């Protein structure tokens with residue numbers, strides 16, 4: 004089973020022909036679980052931003068993402084205050100190749116503590 008996810012964004016066909024399934028408009032809230040239409044993957048979200056005026060769990064930018072051939076893949080992202088997990092469904096035991104792509108879309112370009120390149124996060128693949 005092979006699948007690709009555009010985290011927080013729409014369905015996109017990349018320049019190499021990979022079809023990235025859309026992960027948007029699925030009513031993810033502060034404590035929720037979602038299974039994709041294809042049933043190849045799911046996601047869970049836990050947490051709410053304490054300073055939030057609405058429960059938005061995606062963020063978009065119109066900024067150009069440098070050095071990315073498929074820029075549209077990096078213009079929308081899913082965000083979580085605590086825990087965001089994606090699950091591959093129906094995977095058999097074996098070896099897999101996992102490709103992850105990241106772009107900083109949430110923080111300003113400055114030298115503050117919250118600026119780009121200062122976040123730390125964990126990725127678990129089991």
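Numbering (my numbering), first residue to last: 4 to 129. Using N, Cα and C, we set each Cβ at its ideal position, and we do this for glycine too. Just so it is clear, the structure is predicted and the values come from calculations on it, not from any experiment.
- Given a length threshold of 4 residues, the stretch 43–88 has no whole run of the alpha helix (DSSP H) inside it.
- Distance from residue 8 to residue 90 at the Cβ level is roughly 11 Å; contact not present, criterion being Cβ atoms closer than 8 Å.
- Per DSSP, the beta-bridge partners of residue 35 are 48.
- Residue burial annotation: residue 92 is exposed, with fewer than 16 other C-beta atoms found within 10 angstroms of its C-beta.
- Judged by beta-carbon spacing, residue 56 lies beyond the 9 Å limit of residue 79, meaning their Cβ atoms are not closer than that value.
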